[in-house]
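A.B. asks: The letter at position 94 of the sequence shown is residue 75 when you use my numbering, and the numbering goes up by one with no holes.
Cβ coordinates follow ideal geometry from the N, Cα and C atoms, glycine included.
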Amino acid sequence: NQIFVTIGSGSNVDVEPLPQASVQQANLDGSNQTTFVYDIRNPVGLTFHPITNNLYATCNERDGVGDDLVPDYFTRIQQNDFYGWPYAYMSSNLTDPRRCFSNGTSERPDLVSITKTPDVLFQAHSTPLDTRFYTGNQFPSRY
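1) Assign R123 to one of two classes, buried (16 or more other C-beta atoms within 10 Å of its C-beta) or exposed (fewer than that).
2) Let me know if Y144 comes out buried or exposed under the rule of 16 or more other beta-carbons within 10 Å of its beta-carbon.
3) Measuring alpha carbon to alpha carbon, tell me which of F17, L50 and N8 ends up nearest Q104.
4) For the beta strand (DSSP E) that contains L27, what are its first and last residues?
5) May I ask which residues mark the beginning and end of the beta strand (DSSP E) holding D91?
6) Do you know how far the Cα of S83 is from the Cα of V18?
7) Please list the terminal residues of the continuous beta strand (DSSP E) segment that includes A38.
8) Just checking my contact of V(-6) with D77 at CB under 8 Å: how many whole Å lie between their CB atoms?
9) Tell whether a beta-carbon distance below 8 Å holds between V93 and A38.
10) Suppose you measure from the CA of P0 to the CA of T15; what does that come to, to the nearest Å?
11) Could you check the C-alpha separation between L75 and S(-8) for me, to the nearest Å?
12) Distance check for C81 and L27, CA to CA, integer angstroms please.
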């Protein structure tokens, strides 16, 4: 039996030590704490898929890049996934300009190159706080 705990970042652009901006995994008594996913800015809602048992999260992304950036998201997370914080967002093609050198190159191209693309994007600053998989039968099957 394990517990998963989300820990958000304390900023919109700063590099922070773990466990900031991560999902931590531990035994129910708190022992054997490890980092499950790292550099995911502010993971909030966590839920397991009822059939596959994959872990999913909602994430509130950074501010200060404009009204339409950066999208918040919902995504499956797997151990050691990297979601770009604070160097990139949404993919390895989109670097945060505040974490680039004056010539436009990223401070950490090694991390930018492994940035995972989230499964579902939401409007920037929409702040999804939780998530659940619906397993009832109240709605027609097409839903």
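C.D. replies: On the basis of the data shown:
1) So R123 ends up on the exposed side.
2) No statement about residue 144 is possible, as the shown extent of the chain runs from -18 to 124 and does not include it.
3) Distance check between Q104 and each of F17, L50 and N8 places L50 closest, using alpha-carbon atoms only.
4) From DSSP, the beta strand (DSSP E) with L27 extends over P24 to F29.
5) Looking at the DSSP string, D91 is not in any beta strand (DSSP E); the run it does join, the alpha helix (DSSP H), is P90 to V93.
6) If I take the Cα positions, the gap works out to 30 Å.
7) Note, A38: beta strand (DSSP E), L36 to C40.
8) Rounded, the Cβ-Cβ distance is 7 Å, consistent with contact.
9) No.
10) Cα to Cα, P0 sits roughly 9 Å from T15.
11) L75 and S(-8): Cα-Cα distance of roughly 19 Å.
12) Roughly 31 Å between the two C-alpha positions.
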